[in-house]
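Residue numbers (the numbering used here): 5 to 499.
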Amino acid sequence: MKIKSTLFILTLLAFNSFSQKPTEQWRPAIHFSPKINWTNDPNGLIYINGYYHLFFQHNPKGNEWGNMSWGHAKSKDLLHWEELPVAIPHGKEYIFSGCVVLDKDHVSGLGDPNKPLLIAIYTADYPNTLQEQHLAFSNDEGITWTKYNQNPVLSIQLKDFRDPNIIWHEPSHQYVMSVVKPWEFTVQFYGSKDLLHWNYLSEFGHQGDVDMIWECPSLMELPVEGSKDTKWVFAVSSQGPYKKAVGMQYFVGDFDGKTFTNDAPKEQVNYVDYGRDFYAAIPFYNTVNKEAYWLGWMLSWSYAKEQPTFPYKGQMSLARTLSLVRTSQGLRLKQVLKPDLTKLKPDYEAHNLVLKGSKDLSGMKFLQNKTYVIELKVDATNAKQWGIELGDRAKDNPELTRIGFDEKSQDWFIDRRLSGQIPAPGFDMIQSAPFIPGGDKVLQLVVDRSTLELLAQDGTVAISSLRFPTKKESVRLISMGGELRIKELRIWEIK
Ligand code: FRU
Numbered sequence: 005m006k007i008k009s010t011l012f013i014l015t016l017l018a019f020n021s022f023s024q025k026p027t028e029q030w031r032p033a034i035h036f037s038p039k040i041n042w043t044n045d046p047n048g049l050i051y052i053n054g055y056y057h058l059f060f061q062h063n064p065k066g067n068e069w070g071n072m073s074w075g076h077a078k079s080k081d082l083l084h085w086e087e088l089p090v091a092i093p094h095g096k097e098y099i100f101s102g103c104v105v106l107d108k109d110h111v112s113g114l115g116d117p118n119k120p121l122l123i124a125i126y127t128a129d130y131p132n133t134l135q136e137q138h139l140a141f142s143n144d145e146g147i148t149w150t151k152y153n154q155n156p157v158l159s160i161q162l163k164d165f166r167d168p169n170i171i172w173h174e175p176s177h178q179y180v181m182s183v184v185k186p187w188e189f190t191v192q193f194y195g196s197k198d199l200l201h202w203n204y205l206s207e208f209g210h211q212g213d214v215d216m217i218w219e220c221p222s223l224m225e226l227p228v229e230g231s232k233d234t235k236w237v238f239a240v241s242s243q244g245p246y247k248k249a250v251g252m253q254y255f256v257g258d259f260d261g262k263t264f265t266n267d268a269p270k271e272q273v274n275y276v277d278y279g280r281d282f283y284a285a286i287p288f289y290n291t292v293n294k295e296a297y298w299l300g301w302m303l304s305w306s307y308a309k310e311q312p313t314f315p316y317k318g319q320m321s322l323a324r325t326l327s328l329v330r331t332s333q334g335l336r337l338k339q340v341l342k343p344d345l346t347k348l349k350p351d352y353e354a355h356n357l358v359l360k361g362s363k364d365l366s367g368m369k370f371l372q373n374k375t376y377v378i379e380l381k382v383d384a385t386n387a388k389q390w391g392i393e394l395g396d397r398a399k400d401n402p403e404l405t406r407i408g409f410d411e412k413s414q415d416w417f418i419d420r421r422l423s424g425q426i427p428a429p430g431f432d433m434i435q436s437a438p439f440i441p442g443g444d445k446v447l448q449l450v451v452d453r454s455t456l457e458l459l460a461q462d463g464t465v466a467i468s469s470l471r472f473p474t475k476k477e478s479v480r481l482i483s484m485g486g487e488l489r490i491k492e493l494r495i496w497e498i499k
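Quick look at the structure:
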């Protein structure tokens, strides 16, 4: 009897997984997602020979976390991605997150001295036992990799010690690695001249948000807008603005080749993004003119398992150029789309509109469940809330996602309470980010099917969020409880 019922359950399960329907309607067009199977963090972001390379945490065998290996994709413009064969497969060890650097001067002595040499340094994870930093090298632009035969290159015999990220630090003429001790909320910095031998430099931590583990650190030197100055930023994945949910935070300060010092009081917390779906972002290596830009994983560990897409799960954000700006609240991170799609000629443009209630934009056929960018510059308003509404207002079963600004609370928001399929409890929430006083009310929204990226106030406010609509949707401008004066409305169709 027992055997029979077990067989029955197994048959049901097998049937279920075969009958799962592809959800291509949710697959974003200009955000990277693997053709099939699971992804989490971006890894080894690097620009070489005209291509942006994205390696990514990947399960080559399934649509859930497991068999962690590095997938690989490349792109000429950061919008169209070509997926390539799995780059670094797991062995006994799982290939966790890490980085890729160009060993320009062949200081490591590995590989073919006559060909460009890429060095990947990543965490080798021996489940529940040990995490140490391993190296692999490639002479063919990241297609094939050889695992170094004298791994590890760095181990402190800890169960949790991971996610190395490396920069070249010109003033001290060395490579500098950031690597975290997640449960201690600290990052350690190591220096090396040859990428093989690493010397301990210092440790930074116990500052900012320390409610959840620290992962995926990175150190960057960013320009301060409106000056010739630069400042150092240390970014780390951790708890975000929502209790017990992951996000990213950053610290602004200095790095002297040995130690990072935070300019702000140690309790101050700066979040990178106020959406639930932006994590594990790391900067690209070897960029032209040292321009800093990154992209992150657009999903949350809180509901990654339940995320309803098939046959893939997980996707990346768009790339964003990074800088610092002086605001009424001090130096803040600014993130601008890369490429900046709003520099193109808009497909629709209107000036000095007055809006009360709502204005349906569905006449523009290209807005229906497609990929586009909308920008709203607002002059004045006595409305309570204003912004953009996506969805279907059907009385019995409305399906709506609202993106905009709340004048009472002075918050930017993405409200996905009624946004369609709710994969897990808690997904149906309002995500909000505080207005930075003094700035203009400019809302820039990328809609790419299931994927929303709100960059407001010239990129000093970000909210990244998924949603899973089940109906055909229309697009409306909304002004609730009063009148809205729109200085400028611009829309770009992304073909
Ligand atoms: C972050 C993370 C990393 C780790 C990887 C494993 O999302 O937990 O710390 O290297 O994912 O897939």
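Ideal Cβ positions, reconstructed from N, Cα and C, are used throughout, including at glycine.
Just so you know, these numbers come straight off a predicted model, no measurement behind them.
Is the beta carbon of valine 377 closer than 8 Å to that of valine 450? It is a contact, given that the beta carbons lie within the stated cut-off.
First through last residue of the beta strand (DSSP E) which encompasses lysine 445: 445-452
For serine 196, the first and last residue of its enclosing beta strand (DSSP E): First-last of the beta strand (DSSP E) with serine 196: 190-196.
Hey, would you say the C-beta of alanine 466 is under 7 Å away from at least one heavy atom of the ligand FRU? no
Quick one: residues in its chain with C-beta nearer than 6 Å to the C-beta of proline 117, no 5 flanking neighbours on either side, listed in chain order? Closer than 6 Å at the Cβ level, and outside the excluded window around proline 117, lie His110.
For serine 73, which residues of its own chain have a beta-carbon under 7 Å away from its beta-carbon, when the five flanking residues on both sides are left out? His62, Pro64, Val90, Ile92, Pro93, His94 and Ile99
Are there three or more Cβ pairs, one per stretch, closer than 8 Å when the stretch 269-287 is compared with the stretch 248-255? yes
Since phenylalanine 282 and serine 321 are thought to touch, with beta carbons under 8 Å apart, how far apart are those beta carbons, to the nearest angstrom? 6 Å
beta-carbon serine 101 near the ligand FRU non-hydrogen atom, thresh 7 Å: yes
Which residue's Cα is closest to the Cα of serine 310: Trp42, Glu28 and Pro38? The sequence given here places glutamate at residue 310; serine does not occur at that position. The option with the nearest alpha carbon to glutamate 310 is Trp42.
Okay, do the stretch 346-358 and the stretch 413-420 touch, 3+ Cβ pairs below 8 Å being the bar? Taking 8 Å as the limit for Cβ pairs, the verdict is that the stretch 413-420 does not touch the stretch 346-358.
What separation, rounded to the nearest whole angstrom, lies between the Cα atoms of methionine 302 and aspartate 164? If you draw a straight line from the Cα of methionine 302 to the Cα of aspartate 164, it is about 24 Å long.
List the residues that DSSP assigns as beta-bridge partners of asparagine 47. Phe59
Could you say if the stretch 286-296 and the stretch 26-36 meet the contact criterion of at least three C-beta pairs nearer than 8 Å? With a cut-off of 8 Å, the stretch 26-36 and the stretch 286-296 do not count as touching, because too few Cβ pairs lie within range.
Do you know how far the Cα of glutamate 68 is from the Cα of proline 186? 23 Å
How would you label glutamine 333, buried or exposed, when you count the other beta carbons within 10 angstroms and need 16 or more for buried? exposed
How many Å lie between valine 479 and methionine 224 at the Cα? 38 Å
Compare the beta carbon distance of glycine 279 and glutamine 435 with 8 Å and say whether it is the shorter of the two. yes
So, with DSSP's three-state summary, where would you put isoleucine 482? Of the three classes helix, strand and coil, the one that applies to isoleucine 482 here is strand, per DSSP.
Is valine 358 buried or exposed, if buried means 16 or more other CB atoms sit within 10 Å of its CB? A residue is called buried once 16 or more other Cβ atoms fall within 10 Å of its Cβ, and valine 358, having fewer, is exposed.
At the level of alpha carbons, what is the spacing between methionine 484 and isoleucine 407? Straight-line measurement puts the Cα of isoleucine 407 at about 13 Å from the Cα of methionine 484.
If you drop the 5 nearest sequence neighbours on each side, which residues of the same chain put their C-beta closer than 8 Å to that of histidine 84? Ile34
If you scan the stretch 321-356 from start to end, which runs of the beta strand (DSSP E) of 3 or more residues do you find wholly inside it? 323-331 and 334-342
Completely contained beta strand (DSSP E) runs for the stretch 359-386, where each covers 3 or more residues: 375-385
Own chain, CB closer than 7 Å to phenylalanine 259, minus 5 neighbours either side, in chain order: Leu223 and Trp236
Please classify tyrosine 130: is it buried, with 16 or more other beta-carbons within 10 angstroms of its beta-carbon, or exposed? exposed
Helix, strand or coil, according to DSSP, for aspartate 109 in the structure here? For aspartate 109, the three-state secondary structure derived from DSSP is coil.
Indicate the three-state DSSP secondary structure (helix, strand or coil) for valine 256 in the structure shown. strand
Identify whether leucine 143 lies in helix, strand or coil by the three-state DSSP scheme. Contrary to the premise, residue 143 reads as asparagine rather than leucine in this sequence. Three-state result, asparagine 143: coil.
Quickly, what does DSSP pair threonine 405 with across the bridge? List them, please. Answer is Leu394, bridged to threonine 405.
Nearest residue (CA-CA) to threonine 263, options Gly66, Glu219 and Val191: Val191
Relative to the alpha-carbon of histidine 177, which residue among Asn155, Val184, Lys197 and Ile170 has its alpha-carbon at the smallest distance? Lys197
Tyrosine 316: beta carbon under 7 Å from a heavy atom of the ligand FRU? Outside the cutoff, so no.
Alpha carbon to alpha carbon, how far is alanine 437 from lysine 232? For alanine 437 and lysine 232, the distance between alpha carbons rounds to 29 Å.
Distance CB(phenylalanine 472)-CB(proline 427) smaller than 8 Å: yes
Quick one: what does DSSP say glycine 102 is sitting in, helix, strand or coil? strand
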